[in-house]
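Here's the structure, in structure tokens; my notes come after.
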Amino acid sequence: MKTSKVFTAGLIVFIEGCASVGGGGGNPAIGTWDAISTSQLGENAQVLVVNEDMTGVVRNQGAIETAMQNAAFADGELTFDVTFMIQGQNLTAKFVGTVDGDAIVGEYQTQFGNASVKGTRAL
Numbered sequence: 416m417k418t419s420k421v422f423t424a425g426l427i428v429f430i431e432g433c434a435s436v437g438g439g440g441g442n443p444a445i446g447t448w449d450a451i452s453t454s455q456l457g458e459n460a461q462v463l464v465v466n467e468d469m470t471g472v473v474r475n476q477g478a479i480e481t482a483m484q485n486a487a488f489a490d491g492e493l494t495f496d497v498t499f500m501i502q503g504q505n506l507t508a509k510f511v512g513t514v515d516g517d518a519i520v521g522e523y524q525t526q527f528g529n530a531s532v533k534g535t536r537a538l
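Take the sequence shown: its letters are residues 416 to 538, numbered as in this note's numbering.
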């Protein structure tokens, strides 16, 4: 009887652990996102990659990679800093957005104006 109770308790702990890893317990911002940013310069296809350790990159058209800095996710909001090279000039931006399931919506905030961002989780 004792063995059965110990086995059952161990099985419950194992199942709960699996559910939190695969289901709702993880950070929903982690993953690869196909996105479009829209600014006064037009539309720009991007891929956002957010790693488990909250490092990541933004890949713009032409596969130019820019590292994310200070990435954080709390209360459904993803934020990070990034410096883009645009027409030979560095442009520092702060991304502020929300993750809702497989959708991400936000904006890059810059001293020259904001750019909206919309995307979906890459499959």
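Each residue gets a CB set at the ideal place from its N, CA and C atoms; glycine is no exception.
Looking only at C-alpha atoms, which of the options sits nearest to residue i?
i	options	result
residue 520	529, 535, 471 and 503	535
residue 528	501, 455 and 445	455
residue 537	470, 512, 441 and 465	465
residue 495	502, 508, 501 and 504	508
residue 468	523, 486 and 517	486
residue 533	449, 444, 443 and 441	449
residue 441	500, 490, 522 and 531	490
residue 506	530, 460 and 447	530
residue 476	459, 446 and 516	459
residue 488	511, 472, 500 and 479	511
Compute the beta-carbon to beta-carbon distance between residue i and residue j, rounded to the nearest angstrom, for a pair I have assumed lies under 8 Å.
i	j	result
residue 498	residue 481	7 Å
residue 513	residue 492	6 Å
By a C-beta neighbour count over all protein chains shown, 10 Å radius and 16 as the cutoff for buried, is residue i buried or exposed?
i	result
residue 502	exposed
residue 484	exposed
residue 444	buried
residue 438	Model confidence at residue 438 stands at a pLDDT of 40, short of 50, so the residue's coordinates are unreliable and nothing is read from them.
residue 461	buried
To test your reading of the DSSP string, which unbroken beta strand (DSSP E) runs of 3 or more residues are found completely within the stretch 492 to 528? 492 to 501, 504 to 515 and 518 to 525
Which runs of the beta strand (DSSP E), 3 residues or longer, sit entirely within the stretch 441 to 475? As summarised for the stretch 441 to 475, the continuous beta strand (DSSP E) elements at least 3 residues long and confined to that stretch are 446 to 454, 457 to 465 and 471 to 475, given in chain order.
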